[in-house]
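Worksheet for the structure shown next.
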Amino acid sequence: VTQANDNAPPPLLVGQVNAATTSYTVKTLLPQTSYQLWVVAYDGAGNVTPLAAATPVTITTLALSVGVVQISIEPPLPTDHDPLSITISGIYTSSCTPHYQSHQRVEHLITITSAPSTEPFCLPAEFAWGYTVEVPPLPAGPYTVTHSLEAAVVQFYFTVTAAEGPSAPIFYVDDNPPPRAVVGEPLRFVLRAGGSPAPTYALVQAPAGMTVDPTTGELVWTPPAEMVGAVAVTVRATNSVGSVDYAFTIQVAATNPGATEIFLPLIAKSS
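Okay, so the sequence shown: first residue is 354 according to this note's numbering, each after it adds one.
Here it is, written out as structure tokens:
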């Protein structure tokens with residue numbers, strides 16, 4: 354995929370998928386920008402269709418809508434053996450952005466509630482906000498996600514399909530880098546892997562003090578002062594069929610790094 358203009362960079366490989374996958378998510382596209390997308394096939398021997406022989410599809414992204422809440426899921430085509438991540442996101446009109454309040458699942462309905470900020474003063478600008486809810490594998494069938502923020506309600510629909518027998522683990526990762534860490538501050542984030550049966554997680558390479566939940570894949574670590582810089586981590590997902598490793602790097606920043614202060618006018622929230 355690449356931008357559709359005369360000065361666009363060469364096409365960038367955004368993902369490889371197997372024959373059972375018909376959807377792939379790219380999260381770093383710019384708003385109000387045209388892109389060209391090429392899809393080429395390859396076989397088990399490594400023969401790939403030449404890019405020049407493929408006809409690109411032009412895609413134009415829309416402008417960010419202030420105040421509109423978006424719901425997305427990963428993986429986009431879940432099976433009943435896949436853990437699910439439901440992301441709530443949007444653009445707010447001030448720094449007093451909403452935050453997670455609660456969620457629950459009743460049968461095939463998942464309800465997520467956000468709460469408005471309780472900060473007394475807000476910066477008058479557009480701020481991105483969002484969070485992700487982790488859900489364990491769901492039974493096959495159609496599902497509805499309902500998100501509520503005060504009187505605003507939005508819904509999202511998806512279907513969970515039955516997995517086709519045992520399968521080796523596979524990590525679900527996107528094109529976003531791992532979160533940055535700061536010395537002395539707890540870091541928590543979740544790596545997700547699918548497979549049948551559901552895999553367990555273990556650390557293969559990690560700094561001292563880092564742990565991973567063997568069931569959920571949640572990593573927890575508080576970086577010490579001597580770990581400033583790039584820290585390599587490898588996590589392994591294993592089930593009865595096989596295992597797979599995922600290696601990545603966490604950038605650790607020193608405590609209270611020097612930063613430029615930007616002063617903006619404050620607005621008082623109305624009650």
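All C-beta atoms, glycine included, are put in the ideal place defined by N, C-alpha and C.
- When the alpha-carbon of residue 608 is set against those of 581, 395, 404, 405, the nearest one is in 581.
- DSSP places residue 421 in no beta strand (DSSP E); its state is neither H nor E.
- In the same chain as residue 419, and ignoring 5 residues on each side of it, the C-beta atoms closer than 7 Å to its own belong to 444, 446, 479, in chain order.
- The residue among 536, 493, 473, 500 with its C-alpha nearest the C-alpha of residue 483 is 500.
- Annotated three-state conformation of residue 556 is strand, per DSSP.
- For the set 606, 546, 571, the Cα lying nearest the Cα of residue 435 is the one of 546.
- The beta carbon of residue 542 lies closer than 8 Å to those of 531, 532, 571, 572 in the same chain, with the five residues before and after it left out.
- Residue pairing by DSSP places residue 540 opposite 574 in a beta bridge.
- Residue 548 sits close to residue 522, with the two beta carbons spaced by under 8 Å.
- The beta carbon of residue 488 lies closer than 8 Å to those of 436, 437, 438, 439, 458, 463 in the same chain, with the five residues before and after it left out.
- The C-alpha of residue 598 lies about 9 Å from the C-alpha of residue 591.
- Here residue 498 has 424, 439, 463, 465, 508, 509 as same chain residues with Cβ atoms under 7 Å from its own Cβ, once five neighbours each way along the sequence are excluded.
- Each of 587, 518, 605 was checked against the Cα of residue 433, and the nearest Cα belongs to 518.
- Residue 557 is a Cβ neighbour of residue 587, given a cutoff of 8 Å.
- Note: residue 495 is bridge-paired with 512 in the DSSP secondary-structure output.
- C-alpha of residue 589 to C-alpha of residue 475: approximately 43 Å in a straight line.
- Beyond the five residues adjoining it in sequence on each side, residue 455 comes within less than 7 Å, by CB distance, of 466 in the same chain, given in chain order.
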